[in-house]
Amino acid sequence: MTISEDVKHELIGYGIVFTFAIIIVAIFTFFISGLSGDTKKRADNVLVALTREEKAFRDAETLYQKEKTMGYFPAIASHEADEAWLSYFDETRQTFSRLDTIKTELEKLLDKDASRDQETVNEYVFIMNGQLKNIQAGYRYPLQRISIAKELQEKTDATIHQIFLDYHHVKTSMEILHSKKNRDENTKILPVATYLLREMEKVKEETEMMERQSTIDLLDLYDAQQTAHSVKQKLIYLLSEKSPFTSELLSSKSMILIDMKSRYFFTPIRYSWNYSSDYSDKTYVYSPIEIGYEQYKALQGQEDSMLGSGNGNSTFFEINGQALFDMKEQWPYDSTDAEYWILDITPKYYHRYAVFSNDRLELSDWVEVSETLFYRHLPHYGMAISSKPYGYLSAEAFNDASPPAIAFVDNPLYGQWNDKEWHFYPAYNTVFSPYMLSKHYTRDEYDEWKQSLKRHHDFYGKTVRYGTRSPILYKSPTFINSDFVRLYIDLVDLYHNKLHYKGILHENDQNDGSGGGSGGFGGSSYSAKNAGRSLKGGGPGGYGK
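Okay, so the sequence shown: first residue is 0 according to numbering that gives the first Met the number 0, each after it adds one.
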């Protein structure tokens, strides 16, 4: 049975009409149908949580001001400045201001109730939930410290007594360790134990001074108690032959961020067909294609978007003058036309580290890291992002960014003070010095770093001497030839202490030496650069849109 040409053309016409109707229905459904029930519920929940947290914050501010009038507060008032309690409240207010902006946009989308906004609504909810968690960890810290002081008011004598008991326990443990000094396994243990004893001696002296004062700083007493208990427990670990923590106390490690880079990939997909006789698409997915940052910016945010159309005579698809892929690659012999769409756009981020393990140095290969980690450490080029000295447990590692090796200062296992400068022993000086920006750390700089620990902040130096913004860093041969410098930083005005960043950092992202880090409530925890691509872009040029 043969079909006449008229019938064939009629069927083709019906097919075109049917296909067009399906497209119209799909478009209508996309633009008219509403958000899913789960999305609405999550959005409503986060808006309720925001309102609840704003009220809790106002109550906390009121309570804080009330506690400052209490009789015990003058004895702990120095901690308000040393630990920057007021900054926790200031930064929370700033974060609520940013959240109110997102809230306004979210409420507009909820009122529109369009399914095309579903991804944006979910992203806003994700961002707001993350920011609310940071808020809770922030402004409550000063109140927690005040609560500790209030609780300790009635336990001052008992606390002092317990510190002295812990001291005597440590002394006894040291005597036991010395009695075992001929045993091979104690050759590493004794130096660490001696360092811990020195820390305990400091606590004892500080406690004796507090006893002689008419008014005891309750928070200093609490901190002394915590240190005494920690040292006592560590000596117990060192005495035990089976404790899993012994090896942690006897190890030393630090990671310095020595290079960063990002790479960008996109995956095109082709739908081809024969216009005259075949309406069933043939699909071809290209292999991921690496592109430059300018091409990435041009494509960003266009997932599931059409790139263009072509046919069997097409050549290469270009963006900004760069040929990206062969449009007729694996072209089906029976196809006449095609559309090209973006299936996926993926940035990938990489770090390289100098890793100090005990007294050895190793340079890592490129390590792929998450987008969050990349942007978290973008200001920390040339800085230590994790340090754990001998005598510390892994849980006590310093994970706020700091100048290289400063975490090992004032520890006799690594060096000694010479007047007001710290001198590392030769073995450590050899591995640390290429990454340090000066020959020695001073007591003043070390004390400033210790102060930043109380605030749970990254430490860039008092005048932003360290990290990505440091003009001194780029005079160091260790860092000047990195991929990070070659790709992203323009050093034209280096000697005028000005660095021009190619879109990496905004002027309003400038930080003082106190910094702000993931260990606490500081600035970088709250900026858009940790909020997802919709707020900060996604590449080196997107450190804040």
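Ideal placement from N, C-alpha and C gives every residue a C-beta, glycine not left out.
| Asked | Found |
| --- | --- |
| Taking only the alpha-carbon atoms, compute the straight-line gap between I384 and G390 and give it to the nearest angstrom. | 19 Å |
| Apart from the five residues just before and just after P331, which ones in its own chain have a Cβ nearer than 7 Å to its Cβ? | S271, K281 |
| Under DSSP, the beta strand (DSSP E) around E367 begins and ends at which residues? | 366 to 368 |
| Rounded to whole angstroms, what's the CA-CA distance from T61 to E118? Just pull it up for me. | 38 Å |
| Count the other C-beta atoms from every protein chain shown that fall within 10 angstroms of the C-beta of S334, then say buried if there are 16 or more, exposed otherwise. | buried |
| To the nearest angstrom, how far is it from the Cα of L46 to the Cα of D112? | 16 Å |
| Would you report the Cα separation of H376 and G414, rounded to the nearest angstrom? | 29 Å |
| Round the Cβ separation of P402 and M382 to the nearest angstrom and send it over; I've been treating them as touching at under 8 Å. | 7 Å |
| Can you list, in chain order, the residues of its chain whose CB lies under 6 Å from that of Y349, leaving out five sequence neighbours each side? | K260, W365, E367 |
| Quickly, what does DSSP pair V284 with across the bridge? List them, please. | I268 |
| Counting C-beta neighbours from all protein chains within 10 Å, is the total for P476 16 or more, i.e. buried, or is it exposed? | exposed |
| Where does V354 fall in DSSP's three states? | strand |
| Taking A192 and L237 to be in contact with their CB atoms under 8 Å, please state how far apart those CB atoms are, rounded to whole angstroms. | 5 Å |
| Helix or strand or just coil, what does DSSP make of N428? | helix |
| Restricting to Cα atoms, I'd like to know which of F316, D99, A404 is closest to E328. | F316 |
| Tell me, please, which residues DSSP counts as bridged to I290. | Y263 |
| Can you tell which of N480, T91, H455, E444 has the C-alpha that lies nearest to the C-alpha of V463? | E444 |
| State whether the stretch 223 to 241 contacts the stretch 188 to 206, with contact taken as three or more CB pairs (one from each stretch) at a distance under 8 Å. | yes |
| Can you have a look at A42 and say buried or exposed, based on whether 16 or more other CB atoms are within 10 angstroms of its CB? | buried |
| With distances taken Cα to Cα, identify the nearest neighbour of T548 among E174, S172, F56. | Within the shown structure, residues of the chain are numbered from 0 to 544, placing residue 548 beyond reach of any answer. |
| Taking the alpha-carbon positions, what's the R92 to E106 distance? | 21 Å |
| Are the Cβ atoms of S379 and D457 separated by less than 8 Å? | It should be noted that the sequence gives His, not Ser, for residue 379. Result yes, Cβ atoms of H379 and D457 sit closer than 8 Å. |
| From N44, D216, V169, R351, pick the residue whose C-alpha is nearest to that of I255; which is it? | R351 |
| Run through the DSSP bridge pairs and tell me what G309 is partnered with. | A337 |
| Return helix, strand or coil for I615, following the three-state DSSP convention. | Since the displayed the chain opens at 0 and closes at 544, residue 615 lies outside it and no answer follows. |
| From L342 to L142, what distance separates their C-alpha atoms? | 50 Å |
| Using 10 angstroms around the beta-carbon of V284, count the other beta-carbons present and answer buried if the total reaches 16, otherwise exposed. | exposed |
| From this set, G300, S96, G309, T245, which residue's C-alpha is nearest I344's C-alpha? | G300 |
| Nearest to L372 by alpha carbon, out of L49, K347, S363? | K347 |
| Within the continuous beta strand (DSSP E) that includes I318, where are the two ends? | 315 to 318 |
| Can you say whether G137 is buried or exposed, counting buried as having 16 or more other CB atoms within 10 angstroms of its CB? | buried |
| Three-state secondary structure (DSSP) at M173? | helix |
| Take D81 and list the residues in its own chain whose beta-carbon comes closer than 6 Å to its own, dropping the five residues that flank it on each side. | K453 |
| Which residue comes first and which comes last in the beta strand (DSSP E) that contains I384? | 383 to 387 |
| Let me check you understand the geometry: is the CB of E66 closer than 7 Å to at least one non-hydrogen atom of the ligand NAD? | You won't find the ligand NAD in this model; it holds no ligand whatsoever. |
| Note down the Cα distance separating I134 from S178, rounded to an integer number of angstroms. | 51 Å |
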